[in-house]
Every structure is written in structure tokens, then in C-alpha cells.
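Peer 1: Numbering (the working numbering), first residue to last: 93 to 516. Got a structure for you, questions after.
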Amino acid sequence: MGMTMTQKILAAHAGLPSVTAGQLIRAKVDLVLGNDITAPVAIKEFEKAGIESVFDREKIVLVMDHFTPNKDIKAAEQCKVVRGFAKKHAITNFFDVGKVGVEHALLPELGLVKPGDLVIGADSHTCTYGALAAFSTGVGSTDMAAGMATGTCWLKVPTAIRFILTGKLKPWVSGKDVILHIIGKIGVDGALYQSMEFTGEGLKSMTMEDRLCMANMAIEAGAKNGVFEYDEQTAAYAAGHGCKDWTVYKADADADYTATYEIDLSAIHPTVSLPHLPDNAKPVSELGEIKIDQVVIGSCTNGRMEDLRAAAKLFEGRQVHEGVRCIVIPATQKIMLQAMEEGLVKIFIDAGCAVSTPTCGPCLGGHMGILASGERAVATTNRNFVGRMGHTESEVYLSSPAVAAASAIAGRLVSPETVLGGNA
Ligand code: SF4
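What follows is the structure, given as C-alpha cells:
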């Protein structure tokens, strides 16, 4: 029996000629990631075990992105712990306020993940890097501690579901609409402990931003990882971001999949996930009148340049609806700067948006846009669980940046075409 993309990467990192689904392996890791919430727990475990040094100071990435700039004393203390650890062990990739970005936008931007890599991170959306044909997955803080100490991790080899993408995305439809549509189809446990492997000629019409957004949300279907087949776009992105010496792993023709879905990209419309689960997905056109209080455009899912450009196209010459707060959070410092240089920040501010320094902020109900009871937000983030952005009686609707911007202008959930009229 052949191997899937994921199994090929895992076998190579375990030093084995092949692996099969269900097998327990110990694999070498190329990168270990932690943030200001998870790293302090890992550091405590690392120190409790009496370990003197990290396995490789260049292969540990510590990103202070969740509650920064520090929202309260507890957040400040958490960052202090990580700052001290990074200094003690001379960690090369330590990112503090002023250099920080939301981790899963920052790592690809800096070229820290290469195709074929194995990355573990104490954050569930570590699966984002599958967009680069790498294996990446979220782990607990104790696994992060073990990874920092040994440069290895244990894994159970997953089975896989194959998604064959065909056709081409319509205007104003993006990777976010596709992944919400897929999660709506298979459910939040539809890929439980499996790989979601994306392939097919439809990939050609999907940008790296589309792929990063889709791989990011693989965990929302319960997946161990999401991974895109390597192609010219992967190669161009890796080369353009300073990666060198990567390995390409492709699935064998006789690889085993528990299911195969064919997804016609041209049949997908702007889609929203209604509260309180990402699989509660519906085309925007099927919704009735849903008035909103807040819009958040940002996060590791949709805070990249392509996302901001799509939102700015809608905001240009238009205003945020009275009574709606719209918060735009570029995902990294570089994106913030580029958005300023391209005039996008001016468009957002002229339209009545608040523009924030890079942070996870409201995505996890941290700060910078917490909802009160009864309030409703449209967000380009990845989770709409009860209380995710604030009060347990608030609601979050997940959408693309284009739908979020259009909704901010309309004051209710609408598709971009509704705002653009005949100018779509
Ligand atoms: Fe997690 Fe949201 Fe931050 Fe992404 S932006 S890493 S989902 S808190």
C-alpha cells in the first residue's frame, strides 16, 4: 500500500522507509513553536525536568502575539517568563512587541517553514503550514517542552481524506469560503485525527493566502493536519521567502484514503458560519436580515495582504455603517507597513475603521474588541464557539474579509455584490 503526503513526511522524519496509519512513531522536528499563553507552561515543565539546554536554539520559535501589547498584569508576567527563557537560551527566533506578528502569519512570512518540514506548535492552528506542503500540527505544552529538549516528538500516523479541487473560484469567493463550505459538508469532527489532503487542478486558481487560510482551519474539522500538494506556487512562495534546500513529498498513486471528495470551486458562493460552530455554514444569499454590532478583519486565518486588499476595495469611498465598530488588525508588522504604503490604512481610517497593531486580540476574546451580551460580530477569524469573542450571550459569524467588509458597510450580513451593486 502506498503512502499519503503526510505519511511520506512522517516516515522521512522518523527515519523509516514507510509508515502505516495508526503506527506510533518518534519523529525529528524541524521547528518547535510556542506563544505567550502556551510557552510559559512548556518552560515550567522544561525547567521542572531539570533540562539544561534546548536541542537547537535556531529551531525554537517563541511569538508574543496573543495578549500583547500586554493587556493586563497576568499577560505581562507570562511574557516576562518567555522573555527570560529566550534570553537564557539565546533563542534566535523570539518575537516580542514591535517585531511580532500573529504566529501563523509570521512564520511563513519569515520563511521559517519549508516544504516537507515537520513542525509542532503549542497552538492548535499550527496546522496552517500545510499550505506549504509541510506537516504541521498543534501539540500540548508538555509536548512542546519535550520537543524543545529533544528535537523529537511522538505521533500516531493519521489516516487521510482527499479533497480533489476542480474548477475556478468566482470573483469575491476565496479560500475562506471554500473551507467553510467543506467544514459545513463534513462537520466539525468530519476529519477527526485525519489528514485533510488538498489536490486537483483547481489548486492552480488558489493563491498561497487561500491555501494558508484553508490549512489553518483544518483543525476546525478535527483534523490532525491539512496539507496542500506541492506545485509551482509552493515553490515560488518558498523561494520568494528565503527558503533553501527543501524536500518535496507527493502522495503515492495507490495511497489509501478513508474518503475522497470532489469540490467544484466554481459552485462555491460567499459563505458564512453561523454561531456557534464552524460547521454551521450557509451561503450568505440564504440568510435573512442579520444586523451586526462589530466586524473584525484580521487573525492568523485572514489578516494577510490579500485579505486587507479585498476589504479595502469595498471600503474605498464607503463608510462603516452607523452603530457598527469595525476593527482591522494586520497580522504582522510587515503587513501593517505594506498596508500603509499601499494606502490601505488610509482607506480603512477614512471609512471609519479602527486599525490595530498586530495581535490575536479579539479572536480569542483576549482584548481589543470584546463583545457584550447580545452583541453580534462578523469576523474573519476561525472559531465562533460560545463566548469566543466575549460574553457567552454574544454571537460570532465567520466569514471572508470581503463579506466582513461588505457587512460592516451594510450594517448587516451581506455578500460583497450587495454593496458593489453592478460594479462587482
Ligand atoms: Fe489563535 Fe486567533 Fe491567534 Fe490565530 S489569531 S493564533 S486562532 S488566537
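Glycine included, each C-beta is placed from N, C-alpha and C at the ideal position. These numbers come from a predicted model, not from an experiment.
Using the DSSP secondary-structure output, state which residues sit across from V211 in a beta bridge.
Peer 2: In the sequence shown, residue 211 corresponds to position 119, counting from 1. Answer is L123 and S228.
Peer 1: What is the rounded straight-line gap between the Cα of A106 and the Cα of I117?
Peer 2: As a first step, residue 106 must be located in the sequence shown, where it is residue number 14. As a first step, residue 117 must be located in the sequence shown, where it is residue number 25. If you draw a straight line from the Cα of A106 to the Cα of I117, it comes to about 7 Å.
Peer 1: Is the beta carbon of N537 within less than 6 Å of some heavy atom of ligand 1?
Peer 2: Because the chain spans 93 through 516 in this model, residue 537 falls outside it and cannot be assessed.
Peer 1: Using 8 Å for Cβ pairs, my map puts G503 next to G435. What's the rounded Cβ distance?
Peer 2: For this step, residue 503 is matched to residue 411 along the sequence shown. For this step, residue 435 is matched to residue 343 along the sequence shown. Not confirmed; about 25 Å, so no contact.
Peer 1: Could you check how far apart the C-beta atoms of G243 and V121 are, in whole angstroms? I think they sit under 8 Å.
Peer 2: One-based indexing of the sequence shown puts residue 243 at position 151. One-based indexing of the sequence shown puts residue 121 at position 29. G243 to V121, Cβ: 6 Å. Contact.
Peer 1: Spatial neighbours of T473 within its chain, please: CB distance less than 7 Å, with the 5 preceding and 5 following residues excluded, ordered by chain position.
Peer 2: For the purposes of this step, residue 473 is taken as the residue at position 381 of the sequence shown. The answer, listed in chain order, is V388, S391, T393, C455 and L490.
Peer 1: I'd like to confirm something about N474: is its beta-carbon nearer than 6 Å to some heavy atom of ligand 1, or not?
Peer 2: Counting from 1 along the sequence shown, the entry for residue 474 is found at position 382. Under cutoff, so the answer is yes.
Peer 1: Could you have a look at K426 and say whether DSSP puts it in helix, strand or coil?
Peer 2: The residue you call residue 426 lines up with position 334 of the sequence shown. In this structure, K426 counts as helix in the three-state DSSP scheme.
Peer 1: Does at least one heavy atom of ligand 3 sit under 6 Å from the Cβ of V121?
Peer 2: For ligand 3, the structure offers nothing, since it holds only ligand 1.
Peer 1: Does the structure place the stretch 429-443 close enough to the stretch 463-473 that three or more beta carbon pairs sit under 8 Å?
Peer 2: no
Peer 1: Return yes when the Cβ of V211 is within less than 7 Å of the Cβ of L102, no when it is not.
Peer 2: The sequence position of residue 102 within the sequence shown is 10, counting from 1. The sequence position of residue 211 within the sequence shown is 119, counting from 1. No. Outside cutoff.
Peer 1: Answer with buried or exposed for T451, where buried requires no fewer than 16 other C-beta atoms within 10 angstroms of its C-beta.
Peer 2: Translated into positions along the sequence shown, residue 451 becomes position 359. By the C-beta density criterion, T451 is buried, having at least 16 other C-beta atoms within 10 angstroms.
Peer 1: Taking all protein chains shown into account, decide if L108 is buried (16 or more other Cβ within 10 angstroms of its Cβ) or exposed.
Peer 2: Your numbering for residue 108 matches position 16 in the sequence shown. So L108 ends up on the exposed side.
Peer 1: Taking 7 Å as the cut-off, decide whether the C-beta atoms of A134 and G126 are in contact.
Peer 2: For the purposes of this step, residue 134 is taken as the residue at position 42 of the sequence shown. For the purposes of this step, residue 126 is taken as the residue at position 34 of the sequence shown. Cβ distance < 7 Å, so A134 and G126 count as in contact.
Peer 1: How far does the beta strand (DSSP E) with N162 in it extend, from its first residue to its last?
Peer 2: Here residue 162 refers to the residue found at position 70 of the sequence shown. N162 -> no beta strand (DSSP E), and no H or E assigned at all.
Peer 1: Are I421 and G444 touching if we call contact CB-CB under 7 Å?
Peer 2: Residue 421 sits at position 329 when you count from the first residue of the sequence shown. Residue 444 sits at position 352 when you count from the first residue of the sequence shown. It is not a contact, given that the beta carbons lie outside the stated cut-off.
Peer 1: Hey, is S391 close to ligand 1, as in C-beta under 6 Å from one of its heavy atoms?
Peer 2: Against the sequence shown, residue 391 aligns to sequence position 299. Yes - ligand 1 has a heavy atom lying nearer than 6 Å to the Cβ of S391.
Peer 1: Roughly how many angstroms separate the alpha carbons of E485 and L261, rounded to a whole number?
Peer 2: For this step, residue 485 is matched to residue 393 along the sequence shown. For this step, residue 261 is matched to residue 169 along the sequence shown. So the two alpha carbons sit approximately 35 Å from each other.
Peer 1: Considering just the uninterrupted stretch of the beta strand (DSSP E) at K248, what are its terminal residues?
Peer 2: Walking along the sequence shown from the start, residue 248 turns up at place 156. Here the beta strand (DSSP E) through K248 covers T244 to K248.
Peer 1: So, at 8 Å on beta carbons, what are the nonlocal neighbours of G479 in its own chain, with the 5 sequence-adjacent residues on each side left out?
Peer 2: On the sequence shown, residue 479 is found 387 positions in, with the first residue counted as 1. So the list reads G457 and S486, once near-sequence residues are dropped.
Peer 1: For ligand 1, I want to know if H368 counts as a neighbour, meaning its beta carbon is within less than 6 Å of at least one of the ligand's heavy atoms.
Peer 2: Counted from its first residue, the sequence shown places residue 368 at position 276. H368 Cβ: outside cutoff for every heavy atom of ligand 1.
Peer 1: Return the Cβ separation of V488 and N476 in integer angstroms, given the expectation that the two are a contact with Cβ distance under 8 Å.
Peer 2: Counting from one through the sequence shown, the residue named residue 488 turns up at place 396. Counting from one through the sequence shown, the residue named residue 476 turns up at place 384. With a Cβ gap of about 4 Å, V488 and N476 count as contacting.
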